[in-house]
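Residue numbers (the numbering used here), protein chains in the order written: chain A, 215 to 496; chain B, 215 to 496.
Using N, Cα and C, we set each Cβ at its ideal position, and we do this for glycine too.
Values in this document were obtained by computation on a predicted structure and should not be read as measured data.
Here's the structure we're looking at; comments come further down.
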């Protein structure tokens, strides 16, 4: 992998931030960005975060040592199919999708003859979107999960981890299926809970928000995320998310059943506090 | 009401912060604090936030124009009963409990012959506790819900609102029952969801926390709150909290049922985003 030539497919929050972080960490890197629309190309050009910005996939990816897909999951396979014929044979290809098994399966197949594919999920999203929200420090301290398949060479895993580490991430490794199961619990379920809570409270009476404090504010921040992006995530990972929702419902019923038992409630809340306090130490 | 003589019953996060905020806003206010234990009295004295600090209820409350109960809900009635015989007849008495109907009923009765009682709920808690976490600016911009009964004179409502406004709060008014219903939704339910989510994720595999990002962190921050205080809140407000949990479960089932329908999911998430974005504007 040559980190000196980086191609980014899609100039959103993540694509833009990868460009800015790369430039900040490795000023010599040649950065090329593909955007679907001419006006997006103009917008990215104005920001001066890339050497090449184009709607032409070939001119963006040829010669690239590293290619990162930063488009919605549903758009990846079609773009990957177009790139495959002329992608450099030794290029490392990855993506930033929030669901991994289906992406790894389809892109892995497309790039199995040429180049080397490995999935990634940098957990550095935000409720903001678009290149205008991009930041060179977006990845600083963020977890990035790299998701090799059984047949992925260790060298590819190592190179993907190095790439994300260079951008500021803390790299972790999980299989694609394991990723989708764990992320359903720690990311997709919390998002669904936040959106459901906001809708529950406001459908009952929008004025209720006037009586909310910081707890509600923090608990529901993620509900301001992009509806389009999240609707796609829930659709693609629905089987794992539904399992998480079912488990959550079962646990809520259980707690509701012993709410009168102060000792039991205290133990339940104390367990949660101990686990949650661990996160503060990181 | 004379704001020049303030008695605070209980030197925790809220009691300590009321003393500090009062001193900052009205340096001439004479502040007296009651603490249950001698070592707590010594601790408060060292901080220099009060003129009188004592375990003796009489010396703390006599002459007070305003008395604020900042002890756990379960300790309020017994302390109120001890104070009632010598409390100044025109003193305004309030409390900071997170559940209002039972508190207003019991303290309202105790102070019905002497003094004037009105419930308050400043929503300025935090996952921290104790006077060591107290801050003069804790109430700045926080909502405080004042909960008059039907028979409460408008003058008492106005004075309570003025007191909290003086400390930096945005005052709101609700009946005690309405408070408990709304707060079950915007505060107690979010807390229960956070604690349940943390326990669900960690019971399955504590290592999952290593794969969590800012979304999980924000969604679960409140789960670090005091288990004892929250176990009491859930016990006292259990009928409203259980209703909220049931409504949440019903809504989660509904969403889980249309997770494959991208257009419907997008609408659901878009509604949540619109409501949640309103909170950012405040």
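- Pairing residue 258 of chain B with residue 237 of chain B gives a Cβ-Cβ distance that is not under 8 Å.
- Collapsing the DSSP output to three states places residue 228 of chain B in a helix.
- Within the same chain, and ignoring the five residues on either side of residue 437 of chain B in sequence, the residues whose Cβ sits closer than 7 Å to its Cβ are 408, 409 and 412.
- When CB distances to chain A are screened at a threshold of 9 Å, the residues of the segment 409-424 of chain B falling below it are 409, 410, 411, 412, 413, 414, 415, 416, 417, 418, 419, 420, 421, 422, 423 and 424, in chain order.
- Interface annotation, residue 398 of chain A: not in contact with chain B, CB-CB separation never under 8 Å.
- Comparing alpha-carbon positions, the option among A:442, A:350, A:278 and A:386 lying closest to residue 478 of chain B turns out to be A:442.
- Interface criterion not met: the Cβ of residue 379 of chain A is under 8 Å from no Cβ in chain B.
- By the Cβ rule, the segment 365-375 of chain B does not count as touching the segment 412-432 of chain B, because fewer than three pairs are nearer than 8 Å.
- Per DSSP, the continuous beta strand (DSSP E) segment holding residue 283 of chain B begins and ends at 280-283.
- Leaving aside the five residues that flank residue 315 of chain A on each side, the residues in its chain whose CB is nearer than 6 Å to its CB run, in chain order, 390, 391 and 394.
- Closer than 8 Å to the CB of residue 353 of chain A there is not a single CB belonging to chain B.
- Residue 359 of chain B belongs to the set of residues whose beta carbon lies under 8 Å from a beta carbon in chain A.
- Listed along the chain, the chain B residues whose CB falls inside 7 Å of the CB of residue 444 of chain A are 483.
- Residues of the segment 258-284 of chain B with a Cβ closer than 8 Å to any Cβ of chain A: none.
- A residue is called buried when at least 16 other Cβ atoms come within 10 angstroms of its Cβ; residue 336 of chain A meets this threshold and is buried.
- Taking all protein chains shown into account, residue 464 of chain A has fewer than 16 neighbouring C-beta atoms within 10 Å of its C-beta and is therefore exposed.
- Within the same chain, Cβ atoms closer than 6 Å to the Cβ of residue 366 of chain B are found at 332, the five residues on either side in sequence being excluded.
- Residue burial is scored here from C-beta neighbours: residue 379 of chain A has fewer than 16 other C-beta atoms within 10 angstroms and is therefore classed as exposed.
- Non-local beta-carbon contacts of residue 307 of chain A in its own chain, meaning distances under 6 Å to residues more than five positions away in sequence, involve 281, 325, 329 and 331 in chain order.
- In this structure, DSSP gives residue 219 of chain B an extended state, which the three-state scheme calls strand.
- Here residue 352 of chain A carries a coil assignment [DSSP, helix/strand/coil].
- As computed with DSSP, residue 244 of chain B is found in a beta bridge with B:219.
- Of the residues assessed, residue 300 of chain A falls on the exposed side of the cut-off, its CB having fewer than 16 other CB atoms within 10 angstroms.
- Sequence-distant Cβ neighbours of residue 385 of chain B in its own chain, meaning closer than 7 Å and more than five residues away, are 358, 360, 375, 378 and 379.
- Here DSSP, grouped into helix, strand and coil, assigns residue 296 of chain B to helix.
- Bridge pairing for residue 335 of chain B: B:359 [DSSP].
- The distance from the Cβ of residue 422 of chain B to that of residue 267 of chain A is about 39 Å, inconsistent with a contact at the 8 Å cut-off.
- Taken in chain order, the unbroken stretches of alpha helix (DSSP H) that lie wholly in the segment 404-489 of chain B and span 4 residues or more are 428-434, 441-450 and 452-471.
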